[in-house]
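Residues are numbered in the numbering used here as their position in the sequence shown, beginning at 1, plus a constant of 113.
For glycine and all other residues, C-beta sits at the position ideal for the given N, C-alpha and C.
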Amino acid sequence: MKAVRLTLICHALTQAQKTGRLHRADDGILPLTQHPDAIVPGMQVLTAPERRACETAAWLSGLAQSEPALADCDLGRWQGLPLKQLQSEQPQALADWLQDPASAVHGGESFAALCQRVASWLAAFDTPGEWLAVTHPMVMRAVLVQVLGCPMQASQRIDVLPLSRLELSFTGQWRLRLG
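Structure, rendered in structure tokens:
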């Protein structure tokens, strides 16, 4: 059995992240000043479909294939809203969403549904080789929940910064790779 090596990388910083606003699908990344880490020769690149992920993938590698399973969590009516506005206008709804992974008070996708989507994708991902997948903080949290088998509430204790990397390997089961 040949190994699968999958590195997930969070998209680059957006204005939404910088200002404390929830994401929108059309959010782009802020200008990048650093040079990207080298891509391993032969590495295949996947990207979430949102603009911020596609722009990050283009910065890292000219060739990336869109993967719908890597899409960010759909925040429904809350897309683009400032966190301060939600805290003042819908404090209980925000608290429910943050505490209950099954909550979809915003009318979009719950974290539990995101975890299920990610689990299905990981279960079907078995193509050997080196892979890089550009995605989002919530998706990376969902991957960690699946790989480590921890409670979904634990995801609230994970900070995923722009351009953070999460390395995994698969040889019969997914494993976290620390390096």
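Any contact of the stretch 147-155 with the stretch 184-203, i.e. 3+ C-beta pairs under 8 Å?
no
Count the other C-beta atoms from every protein chain shown that fall within 10 angstroms of the C-beta of residue 202, then say buried if there are 16 or more, exposed otherwise.
exposed
Which residues does DSSP list as the beta-bridge partners of residue 119?
Bridge partners of residue 119: 244, 281.
Please classify residue 132: does DSSP put it in a helix, a strand, or coil?
helix
Sequence-distant residues of its chain with Cβ nearer than 8 Å to residue 129 (five each side left out):
Counting only residues of its own chain and dropping the five nearest sequence neighbours on each side, residue 129 has a CB closer than 8 Å to the CB of 135, 136, 137, 140, 193.
Between the Cα of residue 160 and the Cα atoms of 212, 177, 233, 274, which residue gives the shortest distance?
177
Below 8 Å, how does it come out for the stretch 237-254 and the stretch 203-217: are there three or more Cβ pairs, yes or no?
no
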